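Contents: one structure, followed by commentary.
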Amino acid sequence: NAGVMQNPRHLVRRRGQEARLRCSPMKGHSHVYWYRQLPEEGLKFMVYLQKENIIDESGMPKERFSAEFPKEGPSILRIQQVVRGDSAAYFCASSPRTNSYEQYFGPGTRLTVT
Amino acid sequence: GDSVTQMEGPVTLSEEAFLTINCTYTATGYPSLFWYVQYPGEGLQLLLKATKADDKGSNKGFEATYRKETTSFHLEKGSVQVSDSAVYFCALHNAGGTSYGKLTFGQGTILTVHP
Numbered sequence: 554n555a556g557v558m559q560n561p562r563h564l565v566r567r568r569g570q571e572a573r574l575r576c577s578p579m580k581g582h583s584h585v586y587w588y589r590q591l592p593e594e595g596l597k598f599m600v601y602l603q604k605e606n607i608i609d610e611s612g613m614p615k616e617r618f619s620a621e622f623p624k625e626g627p628s629i630l631r632i633q634q635v636v637r638g639d640s641a642a643y644f645c646a647s648s649p650r651t652n653s654y655e656q657y658f659g660p661g662t663r664l665t666v667t
Numbered sequence: 145g146d147s148v149t150q151m152e153g154p155v156t157l158s159e160e161a162f163l164t165i166n167c168t169y170t171a172t173g174y175p176s177l178f179w180y181v182q183y184p185g186e187g188l189q190l191l192l193k194a195t196k197a198d199d200k201g202s203n204k205g206f207e208a209t210y211r212k213e214t215t216s217f218h219l220e221k222g223s224v225q226v227s228d229s230a231v232y233f234c235a236l237h238n239a240g241g242t243s244y245g246k247l248t249f250g251q252g253t254i255l256t257v258h259p
């Protein structure tokens, strides 16, 4: 059973460009969490999605950030008009059921904004 | 809201030394507690967990006991190896309220073990 897949692993964007980060959950998992790890900090929750629904986006910045988890295909975290402060590692985790601590993490996407 | 506080790092030890990384938490209700490990360039791996008070989680020689009276979940290992060098995160999961299952992490502790 393949683990959580994230791509790209490394992404470089210039200020003002868009960044798209993809997360394919483990097979059979329909719950996805996105976390952000700023340099030398712990992971901070951003958003929790189920297929076609955003359940909790309390950790998402109000502007420029959006997330989706369509019926088919990976979950996407989209950052518009990136700024240097968006440089971070973005991790997704998948879970087989709702409100579960059983979360499996992907390897992360390291975003660098130049 | 919920929060997790880890001891300040980094921690540098010699091989076979005793390891303690302190972790305390603030949460309503009865959270589950975890230690995750992150090796360089990789994602997080669950190291051990405890789901109720007085439970002891253990794995690969690491142990942590869920102490509700002191709201703590300190990580210990009797004899560290070079291969234990990594970043260690304490985390909690609170199934109650509106947390929807998100994990709340401490800031992480960098452990470096020298031969």
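If you read the protein sequences in the order shown, they are chains U and Y. Number 594 in the numbering used here belongs to position 41 of the first sequence; there are no gaps in the numbering. Number 147 in the numbering used here belongs to position 3 of the second sequence; there are no gaps in the numbering. Where a beta carbon is used, it is the ideal one built from N, C-alpha and C, also for glycine. Everything numeric in this text was worked out from a predicted model, so none of it was measured.
*Around the C-beta of U/H674, are 16 or more other C-beta atoms found within 10 angstroms, so that it is buried, or is it exposed?*
Missing from the structure shown is residue 674 of chain U; chain U here goes from 554 to 667 and no further.
*Alpha carbon to alpha carbon, what distance is there between U/V565 and Y/C167?*
Within the second sequence, residue 167 of chain Y is the residue found at index 23, counting from 1. Within the first sequence, residue 565 of chain U is the residue found at index 12, counting from 1. About 35 Å.
*Are the Cβ atoms of U/G612 and U/M599 separated by less than 9 Å?*
Counted from its first residue, the first sequence places residue 612 of chain U at position 59. Counted from its first residue, the first sequence places residue 599 of chain U at position 46. Yes, the pair counts as a contact, with Cβ atoms nearer than the cut-off.
*Whole beta strand (DSSP E) elements within the stretch 218-247 of chain Y, 3-residue minimum*: 219-221, 230-237
*If you check the beta carbons only, do U/R573 and U/I629 fall under 9 Å apart?*
Position 20 of the first sequence, counting from 1, holds the residue named residue 573 of chain U. Position 76 of the first sequence, counting from 1, holds the residue named residue 629 of chain U. Yes; because the gap between Cβ atoms is below 9 Å, this pair is in contact.
*Output the distance between the C-alpha atoms of Y/E207 and U/E571, rounded to the nearest integer angstrom.*
Here residue 207 of chain Y corresponds to residue number 63 of the second sequence, with the count starting at 1. Here residue 571 of chain U corresponds to residue number 18 of the first sequence, with the count starting at 1. Near 43 Å, if we compare the C-alpha coordinates of U/E571 and Y/E207.
*So which residues of chain U does Y/F249 contact, with C-beta pairs closer than 7 Å?*
Residue 249 of chain Y sits at position 105 when you count from the first residue of the second sequence. Correct list: G595, L596.
*asked:* Output needed in chain order: residues of the stretch 569-595 of chain U with a Cβ under 7 Å from some Cβ in chain Y.
replied: Y586, E594, G595
*asked:* DSSP three-state label for Y/G201, please.
replied: As a working mapping, residue 201 of chain Y is identified with position 57 in the second sequence. Residue state, collapsed to three classes: strand.
*Quick one: which residues of the stretch 211-232 of chain Y get their C-beta closer than 7 Å to a C-beta of chain U? List them in chain order.*
none
*Buried/exposed call for Y/Q150, threshold 16 Cβ in 10 Å*: The residue labelled residue 150 of chain Y in the question sits at position 6 within the second sequence. Classification of Y/Q150: buried, given that the 10 Å Cβ count is 16 or more.
*Chain-ordered neighbours of U/N606 on chain Y, where CB pairs are closer than 7 Å*: If you number the first sequence from 1, residue 606 of chain U lands on position 53. Simply none; closest approach about 11 Å.
*If you run the structure through DSSP and keep just helix, strand and coil, what is Y/D146?*
Counting from 1 along the second sequence, the entry for residue 146 of chain Y is found at position 2. The answer is coil: DSSP assigns Y/D146 none of H, G, I, E or B.
*In terms of residue numbering, what span does the beta strand (DSSP E) encompassing Y/F206 cover?*
Here the question's residue 206 of chain Y lines up with position 62 in the second sequence. Counting along the chain, the beta strand (DSSP E) containing Y/F206 begins and ends at 206-209.
*Around the Cβ of Y/G245, are there at least 16 other Cβ atoms within 10 angstroms (buried) or fewer (exposed)?*
Residue mapping note: residue 245 of chain Y aligns to position 101 of the second sequence, counting from 1. It is buried - the Cβ of Y/G245 has at least 16 other Cβ atoms within 10 Å.
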